[in-house]
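Participant:
Number of protein chains: 2
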Amino acid sequence: MNLQEAIRILKEHGYKYTGRRVDMLEFLAEEDRYLTAREILEEMREIYPGISVDTVYRNLALYTELGILEETELGGEKHYRFICDAGHHHHFICLNCGKTLEIHVCPMEEVKKELHGLTIQDHKFEIYGYCHDCTV
Amino acid sequence: MNLQEAIRILKEHGYKYTGRRVDMLEFLAEEDRYLTAREILEEMREIYPGISVDTVYRNLALYTELGILEETELGGEKHYRFICDAGHHHHFICLNCGKTLEIHVCPMEEVKKELHGLTIQDHKFEIYGYCHDCTV
DNA sequence: TTGATAAATCAGAATGGTTCCGATTTGCAA
DNA sequence: TTGCAAATCGGAACCATTCTGATTTATCAA
Numbered sequence: 001m002n003l004q005e006a007i008r009i010l011k012e013h014g015y016k017y018t019g020r021r022v023d024m025l026e027f028l029a030e031e032d033r034y035l036t037a038r039e040i041l042e043e044m045r046e047i048y049p050g051i052s053v054d055t056v057y058r059n060l061a062l063y064t065e066l067g068i069l070e071e072t073e074l075g076g077e078k079h080y081r082f083i084c085d086a087g088h089h090h091h092f093i094c095l096n097c098g099k100t101l102e103i104h105v106c107p108m109e110e111v112k113k114e115l116h117g118l119t120i121q122d123h124k125f126e127i128y129g130y131c132h133d134c135t136v
Numbered sequence: 137m138n139l140q141e142a143i144r145i146l147k148e149h150g151y152k153y154t155g156r157r158v159d160m161l162e163f164l165a166e167e168d169r170y171l172t173a174r175e176i177l178e179e180m181r182e183i184y185p186g187i188s189v190d191t192v193y194r195n196l197a198l199y200t201e202l203g204i205l206e207e208t209e210l211g212g213e214k215h216y217r218f219i220c221d222a223g224h225h226h227h228f229i230c231l232n233c234g235k236t237l238e239i240h241v242c243p244m245e246e247v248k249k250e251l252h253g254l255t256i257q258d259h260k261f262e263i264y265g266y267c268h269d270c271t272v
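Chains X and P, in that order, are what the protein sequence lines are.
Take the first sequence: its position 43, counted from the start at 1, is 43 in the working numbering, and no numbers get skipped.
Take the second sequence: its position 38, counted from the start at 1, is 174 in the working numbering, and no numbers get skipped.
1. Alpha helix (DSSP H) containing aspartate 47 of chain X: first to last residue?
2. Looking only at C-alpha atoms, which of P:Ala142, P:Val241, P:Arg169, P:Asp168 sits nearest to arginine 157 of chain P?
3. Which residue spans inside the region 207–268 of chain P form an unbroken alpha helix (DSSP H) run of at least 4?
4. I'd like the list of long-range same chain contacts for phenylalanine 92 of chain X, defined as Cβ closer than 7 Å, with 5 residues on each side in sequence excluded.
5. Shortest alpha-carbon distance to proline 243 of chain P belongs to which of P:His226, P:Glu207, P:Glu213?
6. Using three-state DSSP, classify leucine 161 of chain P as helix, strand or coil.
7. Who are leucine 205 of chain P's beta bridge partners in DSSP?
8. Taking the alpha-carbon of leucine 74 of chain X as reference, which of X:Glu31, X:Lys124, X:Tyr63 has the nearest alpha-carbon?
9. Which of the three DSSP states, helix, strand or coil, is assigned to arginine 194 of chain P?
10. Measuring only between beta-carbons, confirm whether glutamate 262 of chain P sits less than 9 Å from chain X.
11. Quick check on DSSP: helix, strand or coil for valine 136 of chain X?
12. Are the beta-carbon atoms belonging to cysteine 135 of chain P and cysteine 230 of chain P less than 9 Å from one another?
13. What distance in whole Å lies between the Cβ atoms of leucine 28 of chain X and tyrosine 17 of chain X, which are believed to be in contact at a cut-off of 8 Å?
14. Terminal residues of the continuous alpha helix (DSSP H) containing isoleucine 7 of chain X?
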């Protein structure tokens with residue numbers, strides 16, 4: 001996923017092209033790590049001082065629905081990041097800065113054998129810690 | 137973990153023994169699945185109609201800190217359940233009723249090889265779906 | 001280029017889960 | 001039995017998020 005593709009998806013679905021939307025996407029693409037809605041709002045306020053909280057939350061929800069962003073909950077707060085291109089994988093997430101590293105291990109095949117007969121909807125495998133920059 | 141052990145831990149740490157505390161633990165032990173703070177509060181209100189919200193939340197936090205309960209976040213709400221005895225394992229969690237099934241697969245050994253040099257703090261591996269009772 | 005229209009945004013109120021606070025009650029050790 | 005710290009209470013406060021109704025704007029057809 002990159003900025004151009006995100007904008008294409010937006011247009012493809014008939015959503016309008018606004019400065020706020022593009023700048024939000026741009027910021028998320030640049031940062032390339034998990035950010036809270038608040039952090040994104042604060043950044044947006046630099047460009048659009050009067051931007052409404054609602055606008056940021058609404059667009060974050062929209063992007064997530066369109067598969068442009070992925071969402072996870074850390075410490076009771078939703079965090080968002082640009083979705084990765086690489087096939088199915090999981091993340092190491094830095095608890096300090098939100099930076100992620102891809103993990104290409106997924107035990108779901110094995111697990112499904114243990115759980116046959118159940119309706120599996122989803123799974124979450126995340127590793128939490130501190131990245132090289134954030135380890136003292 | 138069982139009710140007796142939980143009470144022992146509470147006393148060992150010098151915490152007081154109150155009806156509210158014991159009945160909360162009793163309910164959690166009986167249910168043996170993930171419950172929201174609200175669900176626990178509602179049950180407690182049956183026995184102690186005037187119980188304060190604060191009492192339930194404070195005790196849930198205490199129990200979690202003491203290793204009596206485990207906590208996970210589902211759909212933006214904290215859920216609690218009696219901690220399991222079996223060694224390190226993960227859970228299949230029913231999105232409808234909170235019932236859990238133990239998963240004895242953990243890919244962390246493999247993952248650590250991919251992540252050498254990083255400070256790993258924790259990890260979460262959960263499978264979400266519907267249990268036999270909740271699948272239509 | 002203009003006008004119509006639905007979508008996007010805004011400001012602010014509302015919500016919902018959770019935590020904090022100061023006052024009161026209670027378990028427990030002396 | 002008493003003193004005191006801990007527990008509880010009631011209610012306000014908090015914080016992230018969502019909703020609402022009014023206003024603005026992107027888009028597209030004429």
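Glycine included, every Cβ here is placed at the ideal spot set by N, Cα and C.
Facilitator: Let me spell this out:
1. Here residue 47 of chain X turns out to be isoleucine, not aspartate, going by the sequence shown. Where isoleucine 47 of chain X is concerned, the enclosing alpha helix (DSSP H) stretches over 37–47.
2. Of all alpha-carbon atoms in P:Ala142, P:Val241, P:Arg169, P:Asp168, the one lying nearest the alpha-carbon of arginine 157 of chain P is that of P:Ala142.
3. Segments of the alpha helix (DSSP H) lying fully in the region 207–268 of chain P: 244–250.
4. If we look at phenylalanine 92 of chain X and ignore the five residues flanking it on each side, its Cβ neighbours are Thr100, Leu101, Ile103, Ile127, Gly129.
5. Comparing Cα positions, the closest option is P:His226.
6. The answer is helix: DSSP assigns leucine 161 of chain P an H, G or I state.
7. Partner residues in the beta bridge of leucine 205 of chain P, as assigned by DSSP, are P:Phe218.
8. Ranking the options by Cα distance to leucine 74 of chain X, first place goes to X:Lys124.
9. Helix.
10. Closer than 9 Å: yes.
11. DSSP places valine 136 of chain X in coil when its eight states are reduced to three.
12. The question about residue 135 of chain P has no answer, for chain P in this structure spans 137 to 272.
13. About 16 Å separates the two Cβ atoms, so there is no contact after all.
14. For isoleucine 7 of chain X, the uninterrupted alpha helix (DSSP H) run begins and ends at 3–12, by DSSP.
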